[in-house]
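Note that the sequence shown ends on residue 158 in UniProt numbering; no numbers are left out.
Notes for the one structure printed next.
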Amino acid sequence: MIIFFITSYVNFVSDTFRIGAFQFLIKPIDKDEFRKDFNRAIEQYKVNNYRYIVKYKDSTATLEIKDIIYIEAYNRHLFIFDGINRYECIGKLKDEEKKLSFYGFVRCHQGFLINMAYIKIIDKTLILLKNGDNVPISKRLRSKVMEDFNRFITRNIV
């Protein structure tokens, strides 16, 4: 749920933190600013509610995109890790990268696609994730990962 707190009284700003409001708006509302905030809210809603379907052999799993920590590719198989389970399917990491980049995923290595929300530390050759896993980062992709991660952090702080 995304909540906008709209009021004429500035002294209610602390209430927005208590209820977890997405945005605090003071009347009169500037239409352009509201449009920007509303579009940001829609983007956030999509990220929080997108479903990822994993099909392999006779089984199908539906995952929330925000729960996927990383995807590893090996011999045309994709292994999707959500911190609890490892799901397997057939596919190309390049295709998943195209689908998931909008949702905060970045390619950090030939065989890995990671959810930037789970990055804890980016080292010279490894990325430490919040669940404790280490994922390799290639020299070739390191600067792109750093740029994308900085943009991701900036976008999600605002």
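Just so you know, even glycine gets a beta-carbon here, dropped at the ideal spot from N, CA and C.
Note that the structure is predicted; figures quoted are calculated from it, not measured.
Check                                                                                                        : Outcome
Sheet register partners of Phe22 (DSSP bridge)                                                               : DSSP, once it has assigned bridges, lists no residue as partnering Phe22.
Test item: CB-CB of Ile42 and Ala21 under 8 Å                                                                : no
Ser8, DSSP secondary structure in three states                                                               : coil
Residue nearest to Pro28 in terms of C-alpha spacing, selected from Lys98, Tyr70, Gln110 and Ile6            : Ile6
Per DSSP, the bridge partner or partners of Ile3                                                             : The partner list for Ile3 (beta bridge, DSSP) is empty, contrary to what the question assumes.
8 Å CB neighbourhood of Asp123 in its chain, flanking five on each side removed                              : Ile137
Residue burial classification, residue 241 (beta-carbon count within 10 angstroms, cutoff 16)                : Coverage of the chain is limited to positions 1 through 158, which leaves residue 241 absent and any answer about it impossible.
Leu100, buried or exposed, once every other Cβ within 10 Å from all chains shown has been counted against 16 : buried
Residue range of the unbroken alpha helix (DSSP H) whose run includes Ala41                                  : Lys31 to Asn49
Selected residue, minimal CA-CA separation from Tyr118, among Leu93, Lys94, Phe152 and Arg142                : Phe152
Rounded separation between Ile127 and Asn115 - CA only                                                       : 11 Å
Boundaries of the alpha helix (DSSP H) in which Lys94 is found, first to last residue                        : Leu93 to Leu100
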